[in-house]
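Undergrad: One structure, as structure tokens, below. Some questions next.
Protein chains in written order, with this note's numbering: chain F, 1 to 254; chain P, 1001 to 1655.
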């Protein structure tokens, strides 16, 4: 890397990442955003200090994400202090300003004088095929671990359950009750729902597939009547769920 | 061969550079000696990575590379253990420990071996640090788990939604006042389009990488040995907070990486940077210090105190370095105090448990109160003999290594050497570790002692590493013996870090943070957000409170921020007028009642929050009548029934 190629490369990466983060679709935004928040500010900072300090490779690997995180915190505070909202554009612009500022500062601080010690690799490891294969195998195993753990968590739904709910609704010409039943059991289920509003009784029988919701809006005769809903899960669970809307007082309160 | 040419080749071979060409020798030597800062400050490890001169390049390479797939296999074993644990399998714990063994022991062998090269040690500490982060992540890879991460998730959500800072967080009011973690996460969410969970996990993972590498480089700069640095980092990774608490989406995790970065930069400024580079280092330290001060209160307090002690105990050094050190310490104090005074004064009230813990310790010393029983679980979960043995082994081993390390420092003159400032400060901060045992004997201090380990282990790890690498007794020990010691530390640290019921996921437990978060609660909260609308005032138990806050975007009533305690409503066996007036006083609209609370004692000691009746002293589970009473109250509407969780409209509950 020549003396000027570093800043130029960073500036080019910055422009590309900015465009991708603001305008590109989701898959491209991810690497662009990661670069903007976790890499480029730190890279520009380490580039800027190289005129005065000697940094070894491990230090650069640590300082790049570390200083990037710090920069993001400080940039966020400054944007807020400037009474600007923290949007995609303001984040992108602020990070760009900081990165370019650091690159300019690096130019002023003087020439690069760093010497980076390089670990000489033995013949065994110098052939890249073996370490690459080892790393790839390890990454595959880690990916497998993630899939396994995610499967475990997603499939842990416990015993399965059903939700029943009801609310008074005041939209429309007549008083009504909005109700819903959601099936989170392990499969389809047959339900019987009994609704008692004052002296009126209504019964609904229905089947719901797993993950599906039944929604109804049921008019009731008197807006002040108490309403009781009892859900049975057939064939065994009578009074499986119940909700109750307390009768309203004359002033409209319950 | 001329002498300078011979010397040049020697320098080159140390640096791993190719031999210089003919005629370039003198110039090359001049260039390198000028850039190797400290002006050829004797070409010792001040500039050169310390063990470059001693390392035997190429030895142990197969072993060093093997730790990567072995750690990956360990992660597979942990994932399998998690899968089994979700299904309630008995032997999931054995698989979990096998996974940790595969991660920990091979890497320990590489680090503890005297033959390993510096790069191999670095690889090993990174593998351990990142693998342990992934071990925790595998416990819940699709959503946040635990209690505290939900609070920071809420703060982040509000920054992402509003684009503004300092939005109220009703359950953790100090979280928005220290928005560092949330700011970085919000930036990632906005610029990548990722969810808060994924972005937050990436941030904490990167912070872990910075912490682990920063610690290694710091110890290496101070100890002048790659082996010592590797061992110290390994011992730090065994501290009880490392595997669980410091891997969570918490502001402390990010602040810790910043604080370690500060210490590293200060050490760099004192021992490696040339004088003309000091202003640049100071500028970097200033930025990181400010970021630490706005990210986490306790971390910034502790590390600023560390910097102050560092300045006070520093031996004689050139004026420029002394000024640098004092400037850093004073800037740290200014940043922390200014942030506290201007924006975060509420944190003083929030930190009351610290003073409670201290006063409990004092009254224990004066024998005015009885001590807390060790290994006492609040819930009904049993503490096994193995867990007790592991915890004792860890404490005893750490204390012994600490004492041995301090003795070695005295014997070898490390406390008076050129890098004595850091060595002395490490030693002083490490002394807080045995003192923290006192806190474990008090109810309020037990949690505090656990949290302290994150900070005091920065010093403890260094002292322990000095003991392992320099004490004559341990130097005689074979590699296998040292690996066993490292294994014991990891085992005990893991046991102390989390109770057995929290190490692995599994079926629902009452008030058990990650173990209480399951689909019923999440769906009830989502229903509340979608059907009742956002921002309703709700009252709920501890876990449903955070679910309603995040998934449901409701506004929970919480003693810490409301100063109205509604917890008695959940404990009364009969619905009374007082319950109604309490709820009305707190402007609560909906009440979330989880009937599972009646099935067991709370694992965390409280069903709702620390101010509740009988907190941390519950002897019997909540009576059934306490949750069924709401069905008998005439003016309450039961609007939602999800099986275990019911939601009541209590807007007209008043007398």
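All residues carry an ideal CB built from backbone N, CA and C; glycine is no exception.
(1) Apply the 10 Å Cβ neighbour rule to residue 984 of chain P and answer buried if 16 or more other Cβ atoms are within range, or exposed otherwise.
(2) Can you tell me which residues form a DSSP beta bridge with residue 184 of chain F?
(3) Measuring straight from C-alpha to C-alpha, what distance separates residue 1621 of chain P and residue 1597 of chain P?
(4) Can you tell me whether residue 1022 of chain P is buried or exposed, with buried defined as 16 or more other CB within 10 angstroms of its CB?
(5) Check this for me: beta carbons of residue 1234 of chain P and residue 1122 of chain P, under 8 Å apart or not?
(6) Please tell me whether residue 1107 of chain P has its Cβ less than 8 Å away from any Cβ of chain F.
(7) Between residue 1594 of chain P and residue 1601 of chain P, what straight-line distance do the alpha-carbon atoms span, to the nearest angstrom?
(8) If the cut is a Cβ gap below 7 Å, which residues of chain F does residue 1192 of chain P touch?
(9) Express the C-alpha separation of residue 61 of chain F and residue 1182 of chain P in angstroms, rounding to a whole number.
(10) Would you grab the beta carbon distance between residue 1257 of chain P and residue 1214 of chain P for me? Rounded to a whole angstrom, and I think it's under 8 Å.
(11) Is residue 237 of chain F close to chain P? Criterion is C-beta to C-beta, closer than 8 Å.
(12) Got a sec, what are the start and stop residues for the beta strand (DSSP E) residue 1441 of chain P sits in?
(13) What residues are listed by DSSP as bridge partners for residue 178 of chain F?
(14) Using only the alpha-carbon positions, how far apart do residue 1418 of chain P and residue 1428 of chain P sit?
(15) Name, going along the chain, the residues of the region 125-153 of chain F whose beta-carbon falls closer than 9 Å to a beta-carbon of chain B.
(16) Can you give the Cα-Cα distance for residue 1153 of chain P and residue 1147 of chain P, rounded to whole angstroms?
(17) Less than 8 Å between the C-beta atoms of residue 30 of chain F and residue 1194 of chain P, yes or no?
(18) Counting only Cβ pairs nearer than 9 Å, list the residues of chain P close to residue 191 of chain F.
(19) At which residues does the beta strand (DSSP E) containing residue 241 of chain F begin and terminate?
(20) Nearest-angstrom Cα distance between residue 1607 of chain P and residue 1516 of chain P?
(21) At a CB-CB cut-off below 7 Å, which residues of chain P make contact with residue 59 of chain F?
(22) Look up residue 1556 of chain P in the DSSP assignment and give the residues it is bridged to.
(23) Looking at the C-beta of residue 106 of chain F, does it have a partner C-beta in chain P at a distance below 8 Å?
(24) Short check: CB of residue 1405 of chain P to CB of residue 1492 of chain P, under 8 Å?
(25) Could you list which residues in chain F have their beta carbon closer than 7 Å to that of residue 1518 of chain P, in chain order?
(26) Please list the segments of the alpha helix (DSSP H) lying wholly inside the region 1552-1624 of chain P, counting only runs of 4 or more residues, in order along the chain.
(27) Go to residue 75 of chain F, then tell me how far its alpha helix (DSSP H) extends in each direction, as first and last residue.
(28) Measure from the alpha carbon of residue 176 of chain F to the alpha carbon of each residue in F/209, F/192, F/197, then state which is nearest.
(29) Does any residue of chain P bring its CB to less than 8 Å from the CB of residue 119 of chain F?
(30) Just grab the DSSP bridge partners of residue 1634 of chain P for me.
(31) Is the CB of residue 1590 of chain P under 8 Å away from at least one CB in chain F?
(32) From the DSSP output, in three-state form, read off residue 1115 of chain P for me.
(33) At what residues does the beta strand (DSSP E) containing residue 201 of chain F begin and finish?
(34) Following the continuous alpha helix (DSSP H) through residue 10 of chain F, name the residue where it begins and the one where it ends.
(35) Assign residue 1049 of chain P to one of two classes, buried (16 or more other C-beta atoms within 10 Å of its C-beta) or exposed (fewer than that).
(36) Among the residues of its own chain, which have a CB less than 6 Å from the CB of residue 1542 of chain P, if the five just before and after it don't count?
TA: If we stick to the structure as given:
(1) Here chain P covers residues 1001 to 1655 and nothing more, so residue 984 of chain P does not appear.
(2) For the purposes of this step, residue 184 of chain F is taken as the residue at position 184 of the first chain. Per DSSP, F/161.
(3) Within the second chain, the letter at position 621 stands for residue 1621 of chain P. Within the second chain, the letter at position 597 stands for residue 1597 of chain P. Cα to Cα, the separation comes out at about 7 Å.
(4) If you number the second chain from 1, residue 1022 of chain P lands on position 22. Here the model assigns residue 1022 of chain P a pLDDT of 40, short of 50, so the residue's position is not dependable, and the following value carries that caveat. So residue 1022 of chain P ends up on the exposed side.
(5) Working through the second chain from its first residue, we reach residue 1234 of chain P at position 234. Working through the second chain from its first residue, we reach residue 1122 of chain P at position 122. Against a cut-off of 8 Å, the Cβ pair of residue 1122 of chain P and residue 1234 of chain P comes out as no contact.
(6) What you label residue 1107 of chain P is simply residue 107 of the second chain in a count that begins at 1. It does not; no Cβ of chain F falls within 8 Å.
(7) One-based indexing of the second chain puts residue 1594 of chain P at position 594. One-based indexing of the second chain puts residue 1601 of chain P at position 601. Computed Cα separation, rounded: 14 Å.
(8) Within the second chain, residue 1192 of chain P is the residue found at index 192, counting from 1. Correct list: 29, 30, 33, 34.
(9) Mapped onto the second chain, residue 1182 of chain P falls at position 182. Mapped onto the first chain, residue 61 of chain F falls at position 61. Between residue 1182 of chain P and residue 61 of chain F, the C-alpha separation is close to 24 Å.
(10) Here residue 1257 of chain P corresponds to residue number 257 of the second chain, with the count starting at 1. Here residue 1214 of chain P corresponds to residue number 214 of the second chain, with the count starting at 1. Sure, about 7 Å apart at Cβ, within 8 Å.
(11) The sequence position of residue 237 of chain F within the first chain is 237, counting from 1. No, no contact with chain P.
(12) Position 441 of the second chain, counted from the first residue, corresponds to residue 1441 of chain P. Run containing residue 1441 of chain P: none; DSSP gives neither H nor E here.
(13) The residue you call residue 178 of chain F lines up with position 178 of the first chain. In DSSP, residue 178 of chain F forms a bridge with F/167, F/217.
(14) Numbered from its first residue, the second chain carries residue 1418 of chain P at position 418. Numbered from its first residue, the second chain carries residue 1428 of chain P at position 428. Going by the C-alpha atoms only, they are around 17 Å apart.
(15) This model lacks chain B altogether, as its protein chains are F and P.
(16) For this step, residue 1153 of chain P is matched to residue 153 along the second chain. For this step, residue 1147 of chain P is matched to residue 147 along the second chain. When rounded, the distance between both Cα atoms is 10 Å.
(17) Taking the first residue of the first chain as 1, we reach residue 30 of chain F at position 30. Taking the first residue of the second chain as 1, we reach residue 1194 of chain P at position 194. It is a contact, given that the beta carbons lie within the stated cut-off.
(18) Sequence index remark: in the first chain, residue 191 of chain F carries index 191 (1-based). Under the 9 Å cutoff, chain P gives no residues; its nearest Cβ is about 13 Å from residue 191 of chain F.
(19) The residue labelled residue 241 of chain F in the question sits at position 241 within the first chain. Element bounds for residue 241 of chain F: 237-245.
(20) One-based indexing of the second chain puts residue 1607 of chain P at position 607. One-based indexing of the second chain puts residue 1516 of chain P at position 516. Their backbone Cα atoms lie some 11 Å apart in a straight line.
(21) Residue mapping note: residue 59 of chain F aligns to position 59 of the first chain, counting from 1. Here the neighbours are 1217.
(22) Counted from its first residue, the second chain places residue 1556 of chain P at position 556. Per DSSP, P/1538.
(23) Numbered from 1 along the first chain, position 106 holds the residue referred to as residue 106 of chain F. So, not an interface residue.
(24) Numbered from its first residue, the second chain carries residue 1405 of chain P at position 405. Numbered from its first residue, the second chain carries residue 1492 of chain P at position 492. Not a contact, by the Cβ cut-off of 8 Å.
(25) As a position in the second chain, residue 1518 of chain P is number 518, starting the count at 1. In chain order: 158.
(26) 1559-1562, 1568-1571, 1577-1585
(27) Position 75 of the first chain holds residue 75 of chain F. Run containing residue 75 of chain F: 57-81, per the alpha helix (DSSP H) assignment.
(28) The sequence position of residue 176 of chain F within the first chain is 176, counting from 1. Answer by Cα proximity: F/197.
(29) In the first chain, the residue the question calls residue 119 of chain F occupies position 119. Interpretation of residue 119 of chain F is limited by its pLDDT of 47, a score under 50 that renders its predicted location unreliable; the figure taken from the coordinates is listed afterwards. Output row for residue 119 of chain F: interface = yes.
(30) One-based indexing of the second chain puts residue 1634 of chain P at position 634. Its beta-bridge partners do not exist; DSSP assigns none.
(31) Locating residue 1590 of chain P in the second chain gives position 590, counting from the first residue. No, residue 1590 of chain P lies away from the interface with chain F (no Cβ there is under 8 Å from its Cβ).
(32) To locate residue 1115 of chain P, count along the second chain from 1; it is residue 115. Coil at residue 1115 of chain P, not helix or strand.
(33) What you label residue 201 of chain F is simply residue 201 of the first chain in a count that begins at 1. Its beta strand (DSSP E) spans residues 200-208.
(34) If you number the first chain from 1, residue 10 of chain F lands on position 10. From DSSP, the alpha helix (DSSP H) with residue 10 of chain F extends over 5-23.
(35) Here residue 1049 of chain P refers to the residue found at position 49 of the second chain. For residue 1049 of chain P, the pLDDT reaches just 46, beneath the cut-off of 50, and the residue's location in the model is therefore unreliable, although a value from the coordinates is still provided. Answer is buried; the Cβ neighbour count reaches 16.
(36) Counting from one through the second chain, the residue named residue 1542 of chain P turns up at place 542. Taken in chain order, the residues that qualify are 1511, 1608.
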